[in-house]
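Shown next, in structure tokens, is the structure this report addresses.
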Ligand SMILES: [Zn+2]
């Protein structure tokens, strides 16, 4: 093995050991839409990006202008990658409480984490902000 390959292997091992970067929190006013923006207290506008189910939440008009918090990491000074939907990284702050963004079908009692039709009865699910996912 040449020294260069050995070095590359060591760097790869170090990257694997370190794991994904630690998530950080970002909070501001949510501008919903296909290209969602979080408006910070200091006036900065940060573009949010993530997987499709998370983007669907960030486009939900019912969350427009809420005091919103996302977990993820910075991609650029004006760009923030939100952790994917399974990590439950979306919150609304309301009346001093930190609420998880969930969706609820009151016909089937099925909870989801992205807006859309209920998988069971096809009813459009209700936005349901919750302190915890426990019933
Ligand atoms: Zn249903």
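Residue numbers (the working numbering): 745 to 879. Note that the Cβ used here is the ideal one computed from N, Cα and C, for glycine as well.
Do the stretch 793 to 810 and the stretch 856 to 869 touch if we need at least three Cβ pairs shorter than 8 angstroms?
yes
Between the C-alpha atoms of residue 754 and residue 868, what's the straight-line distance to the nearest angstrom?
As a first step, residue 754 is located in the chain shown; it is residue number 10 there, counting from the start. As a first step, residue 868 is located in the chain shown; it is residue number 124 there, counting from the start. Going by the C-alpha atoms only, they are around 51 angstroms apart.
If we ignore side chains and look at the alpha-carbon of each, how far apart do residue 814 and residue 776 end up?
Walking along the chain shown from the start, residue 814 turns up at place 70. Walking along the chain shown from the start, residue 776 turns up at place 32. Each residue's Cα considered, the two are about 13 angstroms apart.
Per DSSP, residue 775 is paired with what?
As a first step, residue 775 is located in the chain shown; it is residue number 31 there, counting from the start. Looking at the DSSP output, residue 775 bridges to 781.
Hey, residue 772 and residue 824: beta-carbon distance below 8 angstroms or not?
Counted from its first residue, the chain shown places residue 772 at position 28. Counted from its first residue, the chain shown places residue 824 at position 80. Cβ distance not < 8 angstroms, so residue 772 and residue 824 don't count as in contact.
Is residue 836 close to ligand 1? I mean its beta-carbon at under 7 angstroms from any heavy atom of the ligand.
What you label residue 836 is simply residue 92 of the chain shown in a count that begins at 1. Incorrect: residue 836 has no Cβ contact closer than 7 angstroms to ligand 1.
Please go through the stretch 768 to 854 and give each complete beta strand (DSSP E) segment of 3 or more residues, from N-terminal end onward.
768 to 775, 781 to 783, 789 to 793, 811 to 820, 823 to 826, 834 to 838, 841 to 849
Can you say whether residue 790 is buried or exposed, counting buried as having 16 or more other CB atoms within 10 angstroms of its CB?
By 1-based counting over the chain shown, the position of residue 790 is 46. Classification of residue 790: buried, given that the 10 Å Cβ count is 16 or more.
On the DSSP bridge list, what partners appear for residue 861?
Numbered from its first residue, the chain shown carries residue 861 at position 117. For residue 861, which the question treats as bridged, DSSP gives the partners 868.
Quick one: Cα of residue 787 to Cα of residue 810, how far?
Numbered from 1 along the chain shown, position 43 holds the residue referred to as residue 787. Numbered from 1 along the chain shown, position 66 holds the residue referred to as residue 810. Going from the Cα of residue 787 to the Cα of residue 810 covers about 15 angstroms.
Identify every residue that forms a DSSP beta bridge with residue 873.
As a position in the chain shown, residue 873 is number 129, starting the count at 1. DSSP output for residue 873 lists 845 as bridge partner(s).
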